[in-house]
Each structure stands twice: as C-alpha cells, then as structure tokens.
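Quick mapping for you: the protein sequence lines, in order, are chains W and B. Residues in the first sequence are numbered consecutively from 1, following this note's numbering. Residues in the second sequence are numbered consecutively from 215, following this note's numbering.
2 protein chains.
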Amino acid sequence: MPIPKHVGIIPDGNRRWAQSKGMTKEKGYDNGLDPGLEAYRICRDSGVKEVTFYGFTTDNTKRPSCQTEAFTKACINAANMLIDEGAALLVIGNTKSPMFPKELLPYTNRSEAKEGQIKANLLVNYGWHWDLNTLADAQNVNKNNIQNYIQSFDISRLDLIIRWGGRRRLSGFLPVQSIYADFYVVDDYWPDFNSTHMADAFNWYKTQDVTLGG
Amino acid sequence: MPIPKHVGIIPDGNRRWAQSKGMTKEKGYDNGLDPGLEAYRICRDSGVKEVTFYGFTTDNTKRPSCQTEAFTKACINAANMLIDEGAALLVIGNTKSPMFPKELLPYTNRSEAKEGQIKANLLVNYGWHWDLNTLADAQNVNKNNIQNYIQSFDISRLDLIIRWGGRRRLSGFLPVQSIYADFYVVDDYWPDFNSTHMADAFNWYKTQDVTLGG
C-alpha cells in the first residue's frame, strides 16, 4: 500500500511517563507538545494529507482537576503551534460544555493552510455520543452517507491510527472514521516519541492490504 | 482485570488458510465452524457472559459469489451449532437485503438460553451504516443513551475483541460497542484456532487497565 492519506495519532502515556521520571502525573502533558509538532511535520513531509490528534475526550474530563487543567493547557498550546506552522487546523469537540477552552473557539472553523501545509484536526472535549447526536437530529438523512450528518463530518476516513503507550484500544477516538483503519501500537510513552516510531508505522502500513471490508 | 464480560471474535484468515493448503479460497469457511463452537465453549466455561462473532458484513457481499455462498452457508451452520449447544442466539444484520439467508430469520429474535449457556451474537449481513441508520429515524432520542437507538441495541459494550489472521483493524465490527474494547490480534489463521489463543488473550486482558476513557 502507498502512504496513508489520513493518520490518527493517540498520544497516550504522558502520565505514566511523568511518574516514571518521579514527577506527578499532570507534568507529562507539556512534554507531549514537541512530539506533536514533529509528528505533524513527518506526516506532511511523507505525503500524508490529513492528521488527527486525540487531545482529550469528555470521558477524560472526569479526571482530577490538576490533570484536566494540564491537558487543556497543552491542547491550547498544541493548537497554537499547529497554527504557527501553517496547518489547516480544525479543533473539534463539544463547545457547549464548560470544559471546552474558550481560547480554542476561533479554531472550530477550519483555518486556511499555508503553502505546502496539510489538514490537522485536534479533538478537544470530543465525545462519541456528542459526535453521533446530530445524526439523531438530522432530517431527511441520505442513508448511504450517514457520515455526512455527524458532528465530525469534516474529518475523513482514517487509514492508519498510531497509538503510543502500549494500550490497544480506541478509547472513544472517532468511531465512524476508525471503522476500517489499520491500528499500530507503539509501546513507548508519547513523550518518548521518536521519528522511527512513525517510520516503523508507515512501513508496517505498506505491508497491509486495504480492502475496506471487500 | 477480571475475565471480560463480553468478547468479540473476528475469525479472519479462512481464505488465506485455504490457499496455504492449495485449496481455492472459498474452501476455508467450513473449517472455521468447529473453532467457533470451541471459542464459544471456552468463553462460557471461563465466565464470559456474551460472545459476538463476526459472520459477514454488507461490505463482504461484494466478493465473488462462490465466496459469498460459502460464507453464508457457514453462517447458517454456525447458527445451528450454537442453537444445538443451547446458546441464547441472536443473529443480527440487514434482513431486508437478498444477501440475508432466509434460514436465519427465526434467529433474529434472541432464543432462550439452555441452563448454563450464555448469549451468542452472530453478525450476518451486518453493516455499520445499517446499524446507525435507526438513530437517524428515532424520535425524542435520549442523548445520554444513544446506543439504545441503534439496530444492535441488544448487544452490549465489548470488553475484549480477538481477531485471528493478523490484521489489526475492526473492518466494520460494531463501531459503537467497540469504542472502549481492548483489541488482541492472533497471527494464526482462524481455521488453525487453538485454545491457547484464547488463554493468551484472556491473560493479556488481565494485564490491561480498563478506564473507559476516565
């Protein structure tokens, strides 16, 4: 297979990384920012057209406030870094909840890409319930294209999902777009990101047949 | 973690197994029947409460007719074997399409379990589009429980999904129920099923933390 068009990134293991360094859990998130920008650049330079980052979900907001504050701040910084880079950024999540940071409201409409840049989506206070809810509200749904009626309609089908931190699950990540995605797991924690992780994932993807269930 | 309550089985690799034995692809499906019954029994005897088998999806029906006929026949036989065993069987899929075998219509309402038996779900002509479509039709949806409005509402959240045949993807398997599931891949083809595959998957599951995104 060629290079994936759309890559999903689940940057897990920040808290375990912090603990392994003798720090409290919430200290791990800041160390996930540079890896995020590097992952975006590797995708862009490899010919990937769209990258989606798992920021945080509505489930995650049940954690202690020192953690929710830390990952919210990291998402704000991540969005600004992607904008500075020139990505066509879309922040997507439930803006009607107090857990959605006001600073990110301007990015809930996709920004324009600078030359040579690609689409980047950042899930912020995203929930799969929230995503599918608009389907229940829609009128005259064309049932061959129900993905057009969900909140995340502007995010395309995922080809490859890479998860750091060893867990082998989606944890609420874009269920409709993940339906046919190939899933690659990196055991290292996200703050220990290394460009070889991406190269290994892309090389593995090349060995997969993509049939879309056919 | 304890034993999973609900286990999903993706029995892939039948066609590759047949080819590796010098047979034509469609010959592989019959050899997947005994493994299915054994997997059901292992789950039941381990304390699992519900097992869901990926039979075939609407995507799969695009394959050559000698294959669709072979996997349809295998699904009919699988359903009868599970009924004979005493499982509380539910066959679930789009019954309004000609690809749904009439022989399985009686099982689209869940049968009653014989003593000591558990729930077994078999996806037959299942499609994720078809599954989510009823959400678009539903009136007065309680948005905290949207899974109650999908076609597969009677299938509970999956804890563990085991896929044979080495592929690392869901291929359309119950997207809503798979959202938090841990995903275990067996490289062997499904007809080479061995009880140690199940034991390995259960032992691996025990080492996972289950947070449901929290």
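For every residue, glycine included, the Cβ atom is placed at its ideal position computed from N, Cα and C.
Within the model, the alpha-carbon separation for residue 180(W) versus residue 161(W) is close to 10 Å.
Assignment of beta-bridge partners to residue 183(W) by DSSP yields 161(W). Residue 199(W) counts as exposed, since fewer than 16 other C-beta atoms from the protein chains shown sit within 10 angstroms of its C-beta. Secondary structure at residue 104(W): helix, using DSSP grouped into helix, strand and coil.
Per DSSP, residue 364(B) lies in no beta strand (DSSP E) and is assigned neither H nor E. For the 8 Å CB-CB criterion, residue 224(B) and residue 382(B) do not form a contact. Contact of residue 59(W) with chain B by beta-carbon distance below 7 Å involves 426, 427 and 428.
Rounded to the nearest whole angstrom, the CA to CA distance from residue 150(W) to residue 126(W) is 12 Å.
Shown here for residue 221(B): same chain residues with a beta carbon closer than 6 Å to its own, the five before and five after excluded, namely 257, 262, 265 and 374 in chain order.
Within the segment 390-401 of chain B, those residues whose Cβ lies closer than 9 Å to any Cβ of chain W are, in chain order, 390, 392, 393, 394, 395, 396, 397, 398 and 399. For residue 378(B), the nearest beta carbon of chain W is not closer than 8 Å to its own beta carbon.
Listed in chain order, the non-local C-beta contacts of residue 56(W) below 6 Å within the same chain comprise 71, local neighbours out to five positions each way being set aside. Taking a contact as a CB-CB distance under 8 Å, the pair residue 59(W) and residue 172(W) counts as one, their CB atoms being some 6 Å apart. Taking one beta carbon from each stretch, the segment 392-408 of chain B and the segment 227-245 of chain B have 3 or more pairs nearer than 8 Å; the two touch. Interface annotation, residue 5(W): not in contact with chain B, CB-CB separation never under 8 Å. For residue 189(W), no Cβ of chain B is located within less than 8 Å of the residue's own Cβ. Spatial neighbours of residue 197(W) in its own chain (CB-CB distance under 6 Å, excluding positions within 5 residues in sequence) are listed in chain order as 186.
Straight across, the Cα-Cα distance linking residue 278(B) with residue 398(B) is about 29 Å.
342, 343, 346, 347, 349, 350, 352 and 355: these are the residues of the segment 340-355 of chain B whose beta carbon lies less than 7 Å from some beta carbon of chain W, given in chain order.
Cβ proximity to chain W below 8 Å picks out 360 and 363 from the segment 359-370 of chain B. Counting along the chain, no alpha helix (DSSP H) covers residue 271(B); the unbroken beta strand (DSSP E) around it starts and ends at 264-271. For residue 256(B), the uninterrupted alpha helix (DSSP H) segment begins and ends at 247-260.
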